[in-house]
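Down below is the structure, laid out as structure tokens.
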Amino acid sequence: MSSYSRGLRGLTIATVATIAAALALVFFYAPLDADQGFIQKIFYVHVPLAIVSLCGFVLGGLFAVGHLRTGDRRWDMRSYVAIHMSLIFTVGGLITGSIWAKASWGHWWEWSDPTLVSYLIVFLLYATYQPLRFSIEDPERQARYASVFAVVAGAFVPMNFIAVRLSQGFVHPRVLTLTGGRLPGSMQLTFGISLLGIALLFATLWKYELAAKSTRMQLRRLRRAVLGEDAVRPLGRSAAPS
Amino acid sequence: MTVFAVAPALPLHTAGKYVAAAYIVFVVLILVYVAIMAVRLRRTERGLAQLRDEVAAREADRADERDLEEVA
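This is the structure we're talking about:
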């Protein structure tokens with residue numbers, strides 16, 4: 002059994018329970034927003050997706066530091082999967098944000114809003130991660146270059162976030178601040194549970210994908226050990242760590 | 093039914109379709125991801141079954157050779 006699959010069942014159950022609780026709170030407990038009404042319910046899926054995806058990118062950078070320090074390719078794998086998951090969550094964040102923008106502002110996209118545009122820039126930056134990996138054939142070099150990218154881009158994410166928070170011209174509402182924000186208690190609780198649910202979902206899918214990749218690698222190694230080198234087809238060029 | 097009647101957050105007017113769309117996007121993303129992972133898992137299982145068959149065939153060959161040596 003892969004070490005990544007340890008505790009996966011418990012984590013999956015916790016994720017499903019938390020997301021179910023979050024959905025119940027969103028639709029049956031949290032009051033309607035005085036300003037936006039029912040549309041504001043998108044907040045509970047859009048904002049956690051955005052926060053968790055940005056944290057995932059930073060996490061990918063931290064794992065990449067582990068790879069550059071130790072040379073252990075498992076850190077590269079963790080970094081790769083964290084960035085891969087974050088990209089998927091970012092797509093979710095962008096689409097749900099776009100739907101909210103249409104419902105709230107009447108446009109699918111608002112180019113004058115720094116929050117939206119900076120999030121898109123982060124997405125486009127990380128969209129180059131897979132092609133970068135794919136362009137390097139040698140697995141060692143691929144892992145090293147990808148780690149350098151992940152560290153630099155991971156450092157860019159919080160800097161970008163701070164720059165946007167400091168900007169003055171925005172149309173995006175500021176409801177989450179270090180001093181507690183402007184959400185009433187029931188909305189804060191619902192948001193907290195939603196954020197926890199999405200974070201747990203990220204952790205579960207991250208472990209799930211790592212376990213799957215690790216199992217495939219072990220199967221290849223086993224095949225090579227038992228049947229010899231000729232029995233294993235050479236891997237083609239791939240963006241994923243091998 | 094009572095829960096649905098008193099639920100403060102289910103006014104299905106024009107905003108309803110946008111909220112539904114956002115949550116459907118979220119669910120579809122997860123389902124597509126899980127479906128892709130399921131296909132890959134099936135491929136791994138097939139590989140494992142193939143390896144098991146090949147190992148069994150080799151062991152059978154080896155046992156046959158041993159029997160022939162003993163007879164000789």
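Sequence lines, in order, name chains A and B. The numbering used here puts the first residue of the first sequence at 2, with every later residue one more than the last. The numbering used here puts the first residue of the second sequence at 93, with every later residue one more than the last. Quick reminder that beta carbons are idealized off the backbone N, C-alpha and C, glycines included.
Whole-number beta carbon distance between residue j and residue i, since they are thought to touch under 8 angstroms
i: A/V158; j: A/F58; result: 5 angstroms
i: A/I100; j: A/I43; result: 7 angstroms
i: A/I89; j: B/L121; result: 6 angstroms
i: A/L201; j: A/A15; result: 6 angstroms
i: A/S87; j: A/S54; result: 5 angstroms
i: A/A144; j: A/R74; result: 6 angstroms
i: B/T136; j: A/L220; result: 6 angstroms
With 16 other Cβ atoms within 10 Å as the buried cut-off, status of residue i
i: B/E157; result: exposed
i: A/A154; result: buried
i: A/I20; result: buried
i: B/L160; result: exposed
i: A/D77; result: buried
i: A/S72; result: Note that residue 72 of chain A is Gly in the sequence shown, not Ser. Exposed, because fewer than 16 other Cβ atoms sit within 10 Å of the Cβ of A/G72.
i: B/L123; result: exposed
i: A/M160; result: exposed
i: A/E111; result: buried
i: A/G229; result: exposed
i: B/V126; result: exposed
i: A/P185; result: exposed
i: A/T129; result: exposed
i: B/A107; result: buried
i: A/L125; result: exposed
i: B/V119; result: exposed
i: B/V131; result: exposed
i: A/A23; result: buried
i: A/V227; result: exposed
i: B/V111; result: buried
Same chain only: Cβ atoms within 7 angstroms of residue i, ignoring 5 sequence neighbours per side
i: A/Y30; result: S187 and T191
i: B/M93; result: In this predicted model, B/M93 has a pLDDT of only 47, less than 50, meaning its place in the structure is not dependable; the value taken from the coordinates is given anyway. No residues qualify anywhere along the chain.
i: A/K103; result: W109
i: A/H47; result: G94, T97, G98 and W101
i: A/T13; result: T205
Residues near residue i in its chain [Cβ-Cβ closer than 8 angstroms; skip 5 each side]
i: A/V82; result: W207, E210, L211 and K214
i: A/L121; result: L95
i: A/P132; result: A240
i: A/Q1; result: Outside the modelled stretch of chain A, which goes from 2 to 243, sits residue 1 of chain A, for which no answer is possible.
i: A/L223; result: none
i: A/V4; result: Residue identity differs from the one stated: residue 4 of chain A is Ser in this sequence, not Val. Within the same chain, A/S4 has close Cβ partners S215.
i: A/M256; result: Residue numbering for chain A in the displayed model covers 2 to 243; residue 256 of chain A lies beyond these limits and cannot be assessed.
i: A/P49; result: F192, S195, L196, G198, I199 and A200
i: A/Y127; result: F58, I84, S87, L88, T91 and A154
Cβ shell of residue i (< 6 angstroms), same chain only, five flanking positions each side left out
i: A/D34; result: Q41
i: B/R144; result: none
i: A/A51; result: G94
i: B/A114; result: none
i: A/S80; result: G61, F64, A65 and A151
Within chain B, the residues that residue i reaches when beta carbons sit closer than 7 angstroms
i: A/R224; result: L143
i: A/I40; result: A107, Y110 and V111
i: A/R217; result: T136
i: A/I89; result: L121 and Y125
i: A/G93; result: V117, F118 and L121
Closer than 9 angstroms at the beta carbon, the chain A residues around residue i
i: B/E84; result: Since the first residue of chain B shown is 93 and the last is 164, residue 84 of chain B is not available in this structure.
Within chain A, the residues that residue i reaches when beta carbons sit closer than 7 angstroms
i: B/A114; result: I43, V46, H47, T97, I100 and W101
i: B/R132; result: A213
i: B/L140; result: L220
Chain-ordered chain B contacts of residue i [CB-CB under 9 angstroms]
i: A/E111; result: Within 9 angstroms Cβ-Cβ: nothing; A/E111 doesn't reach chain B, min ~16 angstroms.
i: A/V123; result: The premise fails here: A/V123 is roughly 18 angstroms from chain B at the closest Cβ pair, so nothing lies under 9 angstroms.
i: A/I206; result: A small correction: the amino acid at residue 206 of chain A is Leu; Ile does not occupy that position in the sequence shown. Simply I122, Y125, V126 and M129.
Exercise. Contact between the segment 198-206 of chain A and the segment 5-16 of chain A: three or more CB pairs below 8 angstroms?
Worked result: Cβ pair count under 8 angstroms is three or more, so yes.
Problem set entry | Segment contact, 8 angstroms Cβ cut-off, at least three pairs: the segment 136-156 of chain B with the segment 133-153 of chain A | These segments do not touch.
Exercise. Are the segment 105-124 of chain A and the segment 140-147 of chain B touching, with three or more C-beta to C-beta distances below 8 angstroms?
Worked result: Touching, no.
Problem set entry | Sufficient close CB pairs (3 or more, under 8 angstroms) joining the segment 140-155 of chain A to the segment 54-72 of chain A | Enough Cβ pairs lie closer than 8 angstroms, so yes.
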